[in-house]
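Notes to accompany the following structure.
Residue numbers (this note's numbering): -17 to 338.
This is how it looks when you write it as structure tokens:
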């Protein structure tokens, strides 16, 4: 028989898996950007308003000057480069990063990143109701997640009829269906019914509802084939203040001012570890099965729910993600490398928790 604590663990574990898949789906619709140059120079990464830098790849190229005897970059150095870049640019819309202050043989560095939303909203419509979403000019809807049916622990908005017990019963592919209707559009209207979404396996008398999480982002950060046509009040070029800012940050008190922190994210301390472990996985497996690991490790941003998680629930959520990162690897050697990456970001105490 299940104990209550075990049920909570299973529930949070399932939610985390859903978040990872939803984030990977959204990320696949975002444009990729690059910043490159010699490693002893500053690289500037920039995203428009309502988004932040999300690094996903880093690589070394040829030496910047003609020199003999330069050692080629290896997987460890590229892992270190990505980790340092992620730590420097975390939660920032504009980021100034210098790969190496001094180098006897500076190499060409390339960083790849996307501009991810940094503020999400949620909407709920009870069965047979509808809601409308809209964004400002030169912005488009970016769908993160949608569910249709019922979730036992999130049912305050649309209570069950008297005498009908709570249950969890969700429609398949609700996020994909919602994306087809709204993603990349400036405005949309969606009905919460079985004509729009697949019928969930709920009891006959259960009151179903639609719950959606979305963001309004500059249309420039979405892939072109995902964006709806311009409207009369929009700039044809899509700028209106939302172009990527390629200007250098200003200086304050002799230091570069690139302190745009942006909004907080749900799993803020795991970003460097998750991204770095993804690179380690690619190296260990000769870059095979990369897409499955990317989906597996992608994190969930903080969502503006009416019902906020407690601090303990949030911490448990983060712990489960790290536990899964380590135990994804099959051999002891792979686990040791993953533990090393996590230990660098969290410290020995946290790592010992997973080994106990």
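Where a beta carbon is used, it is the ideal one built from N, C-alpha and C, also for glycine.
Please work out which residues of its chain come closer than 7 Å, Cβ to Cβ, to residue 187, disregarding the five sequence neighbours upstream and downstream, and give them in chain order. 143, 146
Pick from 30, 86, 69, 182 that is closest to residue 46, judged by C-alpha positions: 86
Beta strand (DSSP E) runs wholly inside the region 121 to 146, at least 3 long, in chain order: 121 to 132
If you drop the 5 nearest sequence neighbours on each side, which residues of the same chain put their C-beta closer than 7 Å to that of residue 67? 37, 40, 79, 93
DSSP three-state call for residue 164: helix, strand or coil? helix
I need the DSSP call for residue 197, collapsed to helix, strand or coil. strand
Is it buried or exposed, residue 174, if we count other Cβ atoms within 10 angstroms and call 16 or more buried? buried
Once the 5 residues before and after residue 97 are set aside, which same chain residues still bring their CB inside 6 Å of it? 29, 33, 203
Rounded to a whole number of angstroms, what is the C-alpha to C-alpha distance between residue 116 and residue 35? 24 Å
Measure the beta-carbon distance from residue 134 to residue 111 and round it to whole angstroms, keeping in mind my assumption that it falls under 8 Å. In fact, because the Cβ distance is near 21 Å, the residues do not count as touching under 8 Å.
Sheet register partners of residue 172 (DSSP bridge): 113
Rounded C-alpha distance that separates residue 16 from residue 43: 14 Å
If you drop the 5 nearest sequence neighbours on each side, which residues of the same chain put their C-beta closer than 7 Å to that of residue 14? 94, 96
Bridge partners of residue 17, per DSSP? 93
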